[in-house]
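Engineer: Read in the numbering used here, the sequence shown has 160 at position 157, and its numbers run on one by one without any break.
Where is the CB? At the ideal position from N, CA and C, for every residue including glycine.
Computed from a predicted structure; not experimentally measured.
A single structure is presented below for examination.
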Amino acid sequence: MGNYLRVGEVLRSAQNRDPSVPVIDGYRNIHYVTASDTLPQIQLSKGINPIARSKGGQRRPAILIRSSPWKAGTAETPWHDVFDLDNGRVRYFGDHRADHTVPVGSTQGNAVLLEAFAEQQASNPEHRARAVPLLVFAAVSRNKTPKGYVQFCGLAVIERAELIEQETDGKPFPNYRYDMTLLDLSKEDDRVDWAWIERRGDTWRTAVDVLNHAPHSWLEWVQHGHRMLPDLRRRTPFPSGEDKPLPPPLNEGKGEPLSLFPAPRRPDSTALASPDTAGPEEKLTADLLVDRVRRLRIHQRNDQPSRHKPLALLWGLSRIAAGKSRLAPWRQFRDEVGELLAEFGHPGSSVTPEYPFWHLQTSQLWDVQGLPLGQSAKPHVSTFDRFNPRAGLSEQAAHLLGDPFVRSQAVAALRETHLADVDHHELMNRLGLAGYESASGVPDGAGELETEPGPASRRMVTLSRIVRDPELTTAVKRLHGDRCQVCSLQLSTRFSTYSEAAHIRGLGRPHNGPDKLSNLLVLCPNHHVQFDTLAIYIDTDDTVRMTADDTPIGQLRRHHAHQINEAHLRYHRALCGRDHE
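Right, here's the structure in full:
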């Protein structure tokens, strides 16, 4: 049997799941390809299809993920998955719906993906060897029918799982959003050997035996963990051949086709070309995105740069952070961004939201849709009022900003370059981006219950606190002898010495860092405050610098028994706007 799945290949997934038939309607039968004497027959009837564990088995053989654009945006499937195959990224939504009454993480699909995510977050290779691989498929149309065909997109690891709020027919509901990395399979000629999946389900097979059949990139991930994902991510062009690439996935918003790296838009009845742009659209990378943020073309009046574009762009970014559609109708933009301009714009500056609504297109990070052709190059506000077009971050920018790291870079670039003299704390809170102005983030909030009478006003509150491991902080401070890793100060108390353990990537929202030794620094109180408020950062060569002017103030002292995760240091640099890698 042809016991492999080839990236880019379309397979037949017929209702008649006869595993003895090699080809159906000119396409390989997926049930023939995956036929097994040890595993149950695979299912692709749902979006999330786990292969059952063998009785007493520790390893789940695999989870098959299927994304279908045909039902996206319906009551049955009110979300829109995003596939960026050229860059090895998939954004996939769980199976909680507005009509579900069970807890969001307990639906069958979310439960199995959260279990997989927990396995894949294991801190050592022994546990990661048991983690379940994800095999990603997308429904495609062939032979003039939209059903019964799937295209294999690759082998994936869940990089992030985030609880978000979605909306259908005006009704909000919670769900999980999973950001997945597609692994590079070039060493296997872009194939996954089904024998590996079979061995994973065989309880008599040792972990070593199973891994002998795994793809090279999976082995590297098992050995080194998530820190290797940037190097293991698939980045080669999508295979060409008889089969056409995947149809455009759908955006998270109203269901418009999404092509992450599209060809120039052809004229139609509902779109206008962006001003000051021409030619094919340049492939957007995270570095290019941040550079465009820094180089925004800002209108100046009386030698004073306008805040209109930066505030509108930050508003658009906040929608991505909240899991909302990237595009919003003009009337909503007018009201929400107009309030921002009135509150945070320069005193005496005109509140003209129509300016950034249209002219942000020059940034090449912004789209306007829904205006008929034939309008002037600078439509009047009455035109916006009449047609109520939609605007927001471009498809490419929205996809990249879904990554919390890239989002931190962009927020830092906007604040530092264009909004340095704004009350950042107030602005971030206003936009639902609280936490980006500090390394610690925002702890879980307090809910007010009642007010009690008394000499001084008091409130009863309920608190949800992040649980920290006190043994970790004790251990790391003991390793460094209570000496600051920046200045080596050992602060004496009456009976002992004192230092503080600082999380590099904060535990609070939106950073959601881990409470692990590799995410801790031992600092004196002064440097802890400076590190937490982003006044200092640690460069790639361990030089500690002032964020304001990059002046070096010391060298990070390391300890062989205290391994620091470099990804966390880079995340902190991104918050400071100082990630130059």
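Is the region 19–27 touching the region 94–101, taking contact as three or more C-beta pairs under 8 Å?
Structural biologist: In short, these stretches do not touch, since the Cβ pair count stays below three.
Engineer: Are there three or more Cβ pairs, one per stretch, closer than 8 Å when the region 512–529 is compared with the region 427–439?
Structural biologist: Touching, yes.
Engineer: Which same chain residues, not among the five before or five after Ala564, have their C-beta less than 8 Å away from its C-beta?
Structural biologist: Around Ala564: Leu482.
Engineer: Glu419 to Thr550, Cα distance in whole Å?
Structural biologist: Their Cα atoms are separated by approximately 10 Å.
Engineer: Taking all protein chains shown into account, do 16 or more other C-beta atoms lie within 10 angstroms of the C-beta of Leu235, making it buried, or fewer, making it exposed?
Structural biologist: Classification for Leu235: buried.
Engineer: When you compare only the Cα positions, how much space is there between His83 and Asp370?
Structural biologist: Cα to Cα, the separation comes out at about 19 Å.
Engineer: Three or more C-beta pairs closer than 8 Å, one from the region 192–210 and one from the region 4–24: is that the case here?
Structural biologist: Enough Cβ pairs lie closer than 8 Å, so yes.
Engineer: By the 10 Å Cβ neighbour count, where 16 or more other Cβ atoms means buried, how is Gln303 classified, buried or exposed?
Structural biologist: By the 10 Å Cβ count, Gln303 comes out exposed.
Engineer: With DSSP as the reference, please indicate the residues paired to His506 in a beta bridge.
Structural biologist: Its beta-bridge partners are Leu523.
Engineer: Within the same chain, show all residues whose beta-carbon is closer than 6 Å to that of Ala210, passing over the 5 residues directly before and after it, in chain order.
Structural biologist: Only Ala132 meet the Cβ criterion.
Engineer: Can you name the start and end residues of the beta strand (DSSP E) that Asp52 belongs to?
Structural biologist: First, the amino acid is wrong: residue 52 is Asn here, not Asp. Ile51 to Pro53 is the span of the beta strand (DSSP E), which, as asked, contains Asn52.
Engineer: Can you say whether Ala331 is buried or exposed, counting buried as having 16 or more other CB atoms within 10 angstroms of its CB?
Structural biologist: Classification of Ala331: buried, given that the 10 Å Cβ count is 16 or more.
Engineer: For Ala415 and Leu422, I'd like the C-alpha separation in whole angstroms.
Structural biologist: Approximately 10 Å between the Cα atoms of the pair.
Engineer: What runs of the beta strand (DSSP E), each 3 residues or longer, lie entirely inside the region 336–415?
Structural biologist: Whole beta strand (DSSP E) segments, 3+ residues: 369–372 and 393–396.
Engineer: Along the chain, where does the alpha helix (DSSP H) that runs through Ser321 open and close?
Structural biologist: Segment His311 to Ala324, the alpha helix (DSSP H) holding Ser321.
Engineer: Hey, how far is the Cα of His229 from the Cα of Ala65?
Structural biologist: C-alpha separation (whole angstroms): 19 Å.
Engineer: Can you name the start and end residues of the alpha helix (DSSP H) that Ala198 belongs to?
Structural biologist: Segment Trp197 to Arg203, the alpha helix (DSSP H) holding Ala198.
Engineer: Here's a check: name, in chain order, each residue in its chain whose Cβ is nearer than 8 Å to the Cβ of Thr500, leaving out the five neighbours to either side.
Structural biologist: Around Thr500: Gly484, Asp485, Gln493 and Leu494.
Engineer: Do Asp182 and Arg94 come within 7 Å of each other at the CB atom, strictly closer than that value?
Structural biologist: Cβ distance < 7 Å, so Arg94 and Asp182 count as in contact.
Engineer: When you compare only the Cα positions, how much space is there between Glu12 and Arg145?
Structural biologist: Using only the alpha carbons, I get a separation of about 12 Å.
Engineer: Confirm the yes/no value for this check: CB of Gln488, any heavy atom of the ligand NAD, distance under 6 Å.
Structural biologist: This structure lacks the ligand NAD; in fact it carries no ligand of any kind.
Engineer: Alpha carbon to alpha carbon, how far is Gln46 from Ile556? Give it in angstroms, no decimals.
Structural biologist: Their Cα atoms are separated by approximately 59 Å.
Engineer: Closer than 7 Å by C-beta to Phe336: which residues in its own chain qualify, once you throw out the five before and the five after it? Chain order, please.
Structural biologist: Excluding positions up to five away in sequence, the list reads Pro356, Phe360 and Ala394.
Engineer: Quick check on Tyr7: does DSSP put it in helix, strand or coil?
Structural biologist: Reduced to three states, the DSSP call for Tyr7 is strand.
Engineer: Please report the residue range of the alpha helix (DSSP H) in which Thr476 lies.
Structural biologist: Per DSSP, Thr476 belongs to the alpha helix (DSSP H) from Pro473 to Leu482.
Engineer: For Phe155, which beta-bridge partners are listed by DSSP?
Structural biologist: According to DSSP, Phe155 bridges with Phe140.
Engineer: Let me know the secondary structure DSSP gives Glu168 once reduced to three states.
Structural biologist: DSSP places Glu168 in strand when its eight states are reduced to three.
Engineer: By alpha-carbon positions, which one of Lys381, Lys58, Gly60 and Ile51 ends up nearest to Ile68?
Structural biologist: Ranking the options by Cα distance to Ile68, first place goes to Ile51.
Engineer: Which stretch, first to last residue, makes up the alpha helix (DSSP H) that contains Pro528?
Structural biologist: From DSSP, the alpha helix (DSSP H) with Pro528 extends over Pro528 to Asp535.
Engineer: Mind checking Ser39: buried by the 16 CB within 10 Å criterion, or exposed?
Structural biologist: Buried, since its Cβ has 16 or more Cβ neighbours within 10 Å.
Engineer: Go through its chain and collect everything with a Cβ distance to Ser48's Cβ below 8 Å, but skip five positions before and after it.
Structural biologist: Contacts found: none.
Engineer: Tell me the DSSP secondary structure of Ile33 in three-state form.
Structural biologist: If DSSP states are grouped into helix, strand and coil, Ile33 belongs with the helices.
Engineer: Ends of the alpha helix (DSSP H) at Val213?
Structural biologist: Unbroken alpha helix (DSSP H) run through Val213: Ala210 to Leu214.
Engineer: Would Glu191 be called buried (16 or more neighbouring beta carbons within 10 Å of its own) or exposed?
Structural biologist: Flag for Glu191 reads buried.
Engineer: Taking Ile323 and Leu396 to be in contact with their CB atoms under 8 Å, please state how far apart those CB atoms are, rounded to whole angstroms.
Structural biologist: Contact flag correct, Cβ pair sits at about 6 Å.
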